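Single-structure report; data block below.
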Amino acid sequence: MTLSGRLRWPGFYDAAIALLVGFLAHGVWLGCVLFSLQQGVPAGIVALVASLFYLGPPVTMIMAWVAFGDRLQSTDVIGLIIVAAGVIVVQRQ
Numbered sequence: 010m011t012l013s014g015r016l017r018w019p020g021f022y023d024a025a026i027a028l029l030v031g032f033l034a035h036g037v038w039l040g041c042v043l044f045s046l047q048q049g050v051p052a053g054i055v056a057l058v059a060s061l062f063y064l065g066p067p068v069t070m071i072m073a074w075v076a077f078g079d080r081l082q083s084t085d086v087i088g089l090i091i092v093a094a095g096v097i098v099v100q101r102q
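Numbered per this note's numbering, the sequence shown finishes at 102, counting up by one with no gaps.
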């Protein structure tokens, strides 16, 4: 946001970087999941591996806390616990 309080549209470079990151973050791992299924990997194993991708944001949050001293709010910790519990449930089944 600008100082006037209005949203500023990203320039071409910023939009291109956002599209590239979005493609890499979602397109590549989803492509790998679909490729694995096509190659005959059982869906249960693919689900176990894919569930680990949900740990990315919480791990990044912890790394920012350790490396840069970012403050963690109670909602951050609750979200971290919920995500970790969800991944644990999926991994145990």
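Built from N, CA and C at the ideal position, the CB exists for glycine as well.
It should be emphasised that the depicted structure is a prediction, and the values quoted were computed from it without experimental measurement.
Write down the C-beta distance between M70 and D85 rounded to the nearest angstrom, noting that I regard them as a contact closer than 8 Å.
Position 61 of the sequence shown, counting from 1, holds the residue named residue 70. Position 76 of the sequence shown, counting from 1, holds the residue named residue 85. Contact holds; Cβ gap of about 6 Å.
If you draw a straight line from the C-alpha of V92 to the C-alpha of H35, how long is it?
Taking the first residue of the sequence shown as 1, we reach residue 92 at position 83. Taking the first residue of the sequence shown as 1, we reach residue 35 at position 26. For V92 and H35, the distance between alpha carbons rounds to 18 Å.
Own chain residues within Cβ distance below 8 Å of M10, not counting five before or after:
Reading the sequence shown from its first residue, position 1 is the one you call residue 10. Annotation note: pLDDT 49 at M10 (below 50); position unreliable, no value reported.
Kindly list the residues whose CB is nearer than 7 Å to the CB of A59, restricted to its own chain and excluding five residues on each side of it in sequence; keep chain order.
Indexing the sequence shown from 1 puts residue 59 at position 50. The beta carbon of A59 sits closer than 7 Å to the beta carbons of V42 from its chain, once the five residues preceding and following it are set aside; these are given in chain order.
Beta-carbon separation (whole angstroms), L39 vs V96, contact threshold 8 Å
By one-based count along the sequence shown, residue 39 stands at place 30. By one-based count along the sequence shown, residue 96 stands at place 87. That pair is no contact at about 18 Å.
Over what stretch of residues does the alpha helix (DSSP H) that includes F44 continue unbroken?
As a working mapping, residue 44 is identified with position 35 in the sequence shown. Per DSSP, F44 belongs to the alpha helix (DSSP H) from W38 to Q47.
Report the option in G53, P67 and A76 whose CA atom is closest to the CA atom of I87.
Taking the first residue of the sequence shown as position 1, residue 87 is located at position 78. If we check each option's Cα against that of I87, P67 comes out closest.
Suppose contacts are defined by Cβ-Cβ distances below 8 Å. Is V98 in contact with A56 by that definition?
Within the sequence shown, numbered from 1, the residue matching residue 98 stands at position 89. Within the sequence shown, numbered from 1, the residue matching residue 56 stands at position 47. Going by C-beta atoms, V98 is not nearer than 8 Å to A56.
Apart from the five residues just before and just after R101, which ones in its own chain have a Cβ nearer than 7 Å to its Cβ?
In the sequence shown, counting from the first residue as 1, residue 101 sits at position 92. Cβ within range, chain order: n/a, list empty.
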